[in-house]
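Here's the structure, in C-alpha cells; my notes come after.
Residue numbers (full-length UniProt numbering): 1 to 151.
Below, the structure is given as C-alpha cells:
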C-alpha cells in the first residue's frame with residue numbers, strides 16, 4: 001500500500017512477486033536445506049502447480065508473477081523509463097493509475113489468501129474458533145464463504 005501511495009510501481013511489483021513466491025513455497029512444501037536455490041520457485045514449479053492444483057488459481061498467480069518479474073528485472077515489457085535520472089525516479093516511477101494498482105493488489109491478496117486458507121484451514125479455524133465474526137470481518141464475505149465451504 002505504501003508503494004502505491006508513494007507511486008513506486010517497481011517496488012510494488014517486487015512485493016507482489018514475493019507474495020506469490022511465498023505462497024508457492026507453501027503449496028510446494030519447499031524447505032531450505034542449505035543449498036543456494038532450495039527455496040527458489042521456478043517455471044517448472046508453476047507448471048506443476050497449474051496442472052496439479054487447478055482449483056487454486058495458479059494460472060492467474062503465475063501471470064501476475066511473470067508481469068512482476070518484468071518490472072523487477074527492467075524488462076522492456078514493463079515500460080520502465082530506464083533513462084530517467086535518479087531524482088526523476090524519486091519523484092515518480094509509476095505508469096499505472098493508483099486505482100488500478102489498488103484493484104490489482106486487492107485481487108492478488110484475495111487469491112493468495114484463498115490459497116493460504118486452503119493449506120492452513122485447520123490452523124485458521126483453531127485460531128478463530130471462538131471468534132468467527134472476527135475472521136469474517138478480516139476475510140470479507142467472499143473469502144469467508146470459501147473458508148466455511150472447506151469444512
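In this text, a Cβ means the ideal position worked out from N, Cα and C, and glycines have one as well.
A quick note: this is a predicted structure, and the numbers were derived from the prediction, not measured.
The C-alpha of residue 44 is placed about 33 Å away from the C-alpha of residue 7. Going by C-alpha positions, residue 110 is about 30 Å away from residue 33. With a threshold of 16 other beta carbon atoms within 10 Å, residue 62 meets it and is buried. In this structure, 27 is the residue among 71, 40, 27, 66 with its C-alpha nearest to the C-alpha of residue 55.
Between residue 24 and residue 41, the alpha-carbon positions lie close to 7 Å from each other. Annotation for residue 11: 3 place their beta carbon closer than 6 Å to its own, counting only its chain and skipping 5 residues before and after.
Sixteen is the threshold: when 16 or more other Cβ atoms of the shown chains lie within 10 Å of the Cβ of residue 143, as they do, the residue is buried. Look at the segment 44 to 130 and you find these whole runs of alpha helix (DSSP H), each 4 residues long or longer: 58 to 72, 86 to 91, 98 to 119, 121 to 127. The beta-carbon separation of residue 150 and residue 106, rounded to 22 Å, does not stay under the 8 Å limit for a contact. For residue 1, no alpha helix (DSSP H) run applies, since DSSP gives it neither H nor E. As the crow flies, the alpha-carbon of residue 47 is around 19 Å from that of residue 118. Residue 7 sits in coil when the DSSP states are folded into three classes, being neither helix nor strand. Collapsing the DSSP output to three states places residue 145 in a helix.
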